[in-house]
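To start, the structure itself, in structure tokens.
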Amino acid sequence: EEGKLQVKVDTQLFRGVHYEIIAYDDLGNEWMIHSTRKAIVGEVIGLDFEPEDIHVMRLNETEEEFDARIEEYVEVEEQEAGLINAIEEERDEE
Numbered sequence: 001e002e003g004k005l006q007v008k009v010d011t012q013l014f015r016g017v018h019y020e021i022i023a024y025d026d027l028g029n030e031w032m033i034h035s036t037r038k039a040i041v042g043e044v045i046g047l048d049f050e051p052e053d054i055h056v057m058r059l060n061e062t063e064e065e066f067d068a069r070i071e072e073y074v075e076v077e078e079q080e081a082g083l084i085n086a087i088e089e090e091r092d093e094e
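Residue numbers (the UniProt record's numbering): 1 to 94.
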């Protein structure tokens, strides 16, 4: 039960190399945990993590929807980079 956050294990599924554990904190927030250590459903466990270990997702957003949204951002950034390069090339020609 040691850790920055205490959560109660709701489900656990072995994914081949790690366990995918779904747990809830006292406020009802859902935590998806990937761990090589097995947990027991109903057990309270402590989570210890660094800020860069956290992946926050929108409520009711699937992983596929999240990936698609990120891909849109990447495409926009690439378009903006292309426009900036075109403007810089025009300036160089003048």
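Ideal Cβ placement from N, Cα and C applies to all residues, glycine included.
> Among residues of its own chain, excluding the 5 on either side of glutamine 6, which ones have a beta-carbon nearer than 6 angstroms to its beta-carbon?
Replying inline: Take glutamine 6, set aside five residues on each side of it, and the residues of its chain with a beta-carbon closer than 6 angstroms to its own are Val44 and Gly46, in chain order.
>> The alpha helix (DSSP H) that contains isoleucine 70, what's its start and end?
In response: Note, isoleucine 70: alpha helix (DSSP H), 63–93.
> Contact check, lysine 4 vs glycine 42 under 8 angstroms by CB: the rounded distance?
Replying inline: Between glycine 42 and lysine 4 the Cβ distance is about 21 angstroms, and since that is not below 8 angstroms, they are no contact.
> In whole angstroms, what separates the C-alpha of glutamate 76 from that of isoleucine 70?
Replying inline: In the sequence under discussion, the amino acid at residue 76 is valine, which differs from the glutamate named in the question. Computed Cα separation, rounded: 10 angstroms.
>> Could you tell me the alpha carbon to alpha carbon distance between residue 114 and tyrosine 73, rounded to whole angstroms?
In response: There is simply no residue 114 to check, as the chain begins at 1 and stops at 94 in what is shown.
>> From the DSSP secondary-structure annotation, give me the bridge partner or partners of isoleucine 21.
In response: Per DSSP, Gln12 and Ile33.
> In terms of alpha-carbon separation, which member of Leu27, Gly16 and Glu30 lies closest to arginine 37?
Replying inline: Checking every option, the nearest Cα to that of arginine 37 belongs to Gly16.
>> Distance check for isoleucine 87 and glutamate 65, CA to CA, integer angstroms please.
In response: The straight-line gap from Cα to Cα measures roughly 34 angstroms.
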